[in-house]
Amino acid sequence: MSTKNKSLKNSSRRQFLNVGAIIFGGSVIVGQFGCGPIQRKTFQYFDSNEAPVMGLGKFNADFWLQILEDNTIQLSSPKVEMGQGVFTGAALMVAEELDTNPENITVVHAKTSSGLIDPLGTGGSTSTAGLFKPVREAAATMRLALQKAAANIWEVPENDILIQDGKASYQEQSLKFSEIISQTSKWEIPKKSPKLKSHESFKYIGKDTKRVDLKDKVLGKAIFGIDHHIEGMLYAILIQSPYINGQVKSVDASAAKAVSGVEHFINENGIIAIVAKNRYTAEMAARKVKVEWDVPKKWEQKDLDAIIQVGNGKFESIQKEGNVKKHFDNGEIIEATYRTPAGAHAFMEPKGAIADYKDGKITIITGTQQPNRDRTEIAKALGLKKDNVDIQCAFLGGGFGGRFYLNQIIPAAKLSKKLKKPIHLLCTREQDFMNNYYRPGSHHILKGKIENGTVVAAQHDMASDDMVFDYLPKIAQSLIGADPSTAHGAFFNYSFENKYANAHRVETPYITGIWRGIGINATSFAKECFMDELAHAANADAIEFRLKHLKDDKDERHERMHKIIELVKEKAGWKTGKEKGTAKGFACAMDRQTVVAGIAEVEVIDNKIGVTKFTLGIDPGLIVNPEGVRQQCEGCIMMGLSNTLYENLTLKNGQVENTNFHKYPVAMLSDTPEIEIVLHSGSEEVFGVGEPPIAPIAPAIANAVFNLTGKRLRTLPLKMS
Amino acid sequence: MKISFKINGDQKTIDVDPNMPLLWVVRDELNLKATKYGCGKGMCGACSLHVDGKLHRSCSYPVKFAEGKAITTLEGLSKNENDLHPVQQAWIDENVPQCGYCQPGFMMAAAKLLQEIPNPTTEDIKQNISNICRCGTQPRIIKAIKRAAELNNAKTS
Ligand code: FES
Ligand code: FES
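Protein chains in written order, with my numbering: chain A, 70 to 790; chain B, 42 to 198.
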């Protein structure tokens, strides 16, 4: 790259920073200290707003655009690409404001050394929405700067210059962006935020666009964290306890050390590792390390189930409208209990990292959802200044909330520092299952009362462990009360007059964390199956019954929900009865501002549930790339189906029982239903897409099973016997 | 032990433990990174490649068995980028990948399936490929394999 190119990059970057920085709604809670009602309000604010639930505070989107010598426009993204398509969405935003075909735009991961400051990380279905304004503003600023520079070259008024398709033109003359750059030494960059294109005039945003990373991923050129290769790199494997909370009593590594090719055996400061010249040797030697473990308690699954019970743990009221108690004092109450299991992320790329320590600085190459936090952690662990830690993100082989906290980056960094060698540390699949954090299991009690076909009162009590609480600032903990991720979606969005929702925060012995859809997986399964039970008790059609309870004028999502339900119902040809050995089931959900509805069609053969078709409708507000939204919906249907029918992380004899995929079956090609996706845009704002569509999957399937067999299955994974 | 084989058309000789899984040989000794580690136990298919035209899960294939054979990884599936293998072309046409990690294994399995069953039905595809994709690209993989079959037919007709 020429120095001149650099000068556009640098001068622009400062400027883009100013226009690029945005602040999410975190500031809304400042100054609200307090007691129950405020906690509830704050919790509900988080639950229904696009403010990311994962972090509080400012979001400084520190990204910038560069024009490369071949006239390609390169965006360094502060959000990571884990399959969700954020690179493609961001490319469309740049394309739009520079009026240039997205094919001329490349997107790469920003590195922390070159200014990525993204305290929120990538997740919570916030990436595309979060980038929507700042990326367009950055690109629009670049457009104005290029226009001005071209005007100076030709000495004509800047307003007469057209910026389009990678070039500036004036009458017969034209210059490529890269040519303008080589002829410009001083850049004039507008101080004010530029005017953005109106939504009506969008040329690229809203059009089906294939992924920008498509070709690399099909040709096998896409590089994931553990694919990096550094000369002289050694391969490390950690020795970790197969027991929950197991502590080392004694270690005998004599046999392991004797394996030819083993370069080091490390046992210090809590890190036990084999370091070898290749992966195979490391793995073989690691198997020979004999460790005696001190296990404080050998947990069994039934111990956990006994903890995860409504009534245990810390009680937090998160919704209290009207007077449910009064209604429950007499008359018939419908009550049901639901359970969901713990879950593993089980992404196809096991966790891993490459660390390279040299001259007081360290580079970490890894797939992470939270590079900024990783940098802080590494700096702390190694006693380095943050500036001397560079986190370089690679493509993630799946994220799903599982790469927010990487338990292997610190050992990798420490090993590299100690041995003064680049270290490749990759978890075995067994470690990825057994030494990780998990989506917590949950227990739900739902109660409802119907009068004249209308729900007059409902209550949802949910017991589960936390997902993000430990990572929130103390002040936020006291403000919110319940874990905003675990209890996400726990309260009722239906227009019931009297409704309560309570969270019971229990503690399980392993680390729990977020998983695609966070709490909405569990809450929506329990609530939407229960809603079906209420509809059945009221002798009403499942869909009509819901529409009747979506009548809140103050909640604009209700109107959008009516629309999406109508579209899905028509697309799926909704019928309540059985047809040719199949039956349909319905569920809908609101995940912050996104509304979704789904209809599952199922069959049961030899006691095995199969999903033959799934119709999913989504209104995620303004749609940046319909093709990208469809991919996310398909992904949610498959992952939701997997979670509904198979996934179940359990403990036995103090260990996670699910050691590999044979013990943690997931959905396969053979489970693939016919899929129909209905997209509708009911707002000018961009809302989340990556997680909301998972909400209706499990309840729609369970409700369909009831309609087919008359059996109400209230525990995930669903089993006929 | 010295072991010689052809990989993507190139003759190679390497000196490694004969029991080293072909997966690590391909990835770390030969620096061909498209073949992935997923489970290490032959269960997920992320490491699929072809040895003498047969589909193998390379995490469970000791390199000694490759002596004198011809290996193809995803990097060698197409002649070149302008003349893509029908499977890779179909994968682009259907915009299949999400995170992309499992895709090389699926494409290698799909290429083999089409040799055995040139015009597979949805059921044939579902029953004959047992790779795992966690992102949920299965619906597109089914479409892409059918599309690849069409591309193949168009080529040969
Ligand atoms: S890594 Fe070989 S089958 Fe999973
Ligand atoms: S595309 Fe991510 S695992 Fe298949």
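Virtual Cβ for every residue (Gly too), placed ideally from N, Cα, C.
Residues of the region 82-111 of chain B with a C-beta less than 8 Å from any C-beta of chain A: K82, M84, C85, A87, listed in chain order. Taking the Cβ atoms as the reference, A:A481 lies roughly 11 Å from A:A450, outside the contact range of under 8 Å. For B:I183, the chain A residues whose C-beta falls within less than 9 Å of its own C-beta are L738, T741, listed in chain order.
Residues of the region 670-688 of chain A that bring their beta carbon within less than 8 Å of a beta carbon in chain B are absent altogether.
Take the alpha-carbon of A:D534 and the one of A:E703: they are about 29 Å apart.
Distances from the CA of A:S251 to each of A:E269, A:E613, A:L215, A:P419 were compared; the closest alpha carbon is that of A:L215. Under DSSP, the beta-bridge partners assigned to A:E385 are A:A572. Interface annotation for the region 134-154 of chain A against chain B: E150, M151, G152, Q153, G154, criterion Cβ-Cβ distance under 9 Å.
At a threshold of 8 Å, A:Y273 does not count as near ligand 1, since its beta carbon sits no closer than that to any of the ligand's heavy atoms. Not one heavy atom of ligand 1 is found less than 8 Å from the C-beta of B:L73. Rounded to whole angstroms, A:L373 and A:P578 show a C-alpha spacing of 8 Å. In this structure the region 205-212 of chain A does not touch the region 462-478 of chain A; the number of beta carbon pairs closer than 8 Å is below three. Under the three-state reduction of DSSP output, A:F594 falls in the helix class.
Rounded to whole angstroms, the separation of the alpha carbons of A:M211 and A:T555 is 41 Å. Residue pairing for A:F683: DSSP places it in a beta bridge opposite A:A669, A:I744.
A:A325 sits close to A:A354, with the two beta carbons spaced by under 9 Å.
For B:R98, the secondary structure class from DSSP, reduced to helix, strand or coil, is strand. Within chain B, the residues placing a beta-carbon under 8 Å from that of A:L465 are C140, ordered along the chain. The Cβ-Cβ distance between B:F147 and B:I170 falls below 9 Å. Contact check for B:T114 and B:V66: beta-carbon distance about 11 Å, past the 8 Å limit, so the pair fails to qualify. Chain A places a beta carbon closer than 9 Å to that of B:V137, counting this residue as a contact. If you check the C-beta of B:A87 against ligand 1, you find a heavy atom less than 8 Å away. Interface criterion met: the Cβ of A:I706 is under 9 Å from a Cβ in chain B.
Taking the Cα positions, A:A291 is about 55 Å away from A:I519. Approximately 23 Å separates the beta-carbon atoms of A:W368 and A:G470; this is outside 8 Å, ruling out the contact.
DSSP, reduced to helix, strand and coil, places A:H605 within a helical segment of the structure shown. Using a Cβ-Cβ cut-off of 8 Å, B:S198 is close to nothing in chain A; its nearest Cβ partner there is about 25 Å away. Contacts between A:N399 and chain B, judged by CB atoms closer than 7 Å, are missing: the closest CB pair is about 47 Å apart. The region 258-277 of chain A and the region 662-682 of chain A do not touch, with fewer than 3 CB-CB distances between them shorter than 8 Å. Taking all protein chains in view, the Cβ of A:S511 is crowded by 16 or more other Cβ atoms within 10 Å, so the residue is classified as buried. Close CB contacts of A:E352 within its chain, under the 8 Å cut and outside five residues either way in sequence, are with I306, T497 (chain order).
When the alpha-carbon of B:K74 is set against those of A:G294, A:K264, A:L619, the nearest one is in A:G294.
Along the length of the region 131-178 of chain A, whole beta strand (DSSP E) runs at least 3 residues long occupy 134-136, 142-146, 174-178, reported in chain order. In this structure, B:Y78 has its beta carbon less than 8 Å from a heavy atom of ligand 1. Taking A:K455 as reference, the option from A:M737, A:Q461, A:I447 with the minimal CA-CA separation is A:I447. Residue-level contact by beta carbon holds for A:M417 and chain B, with a gap shorter than 9 Å.
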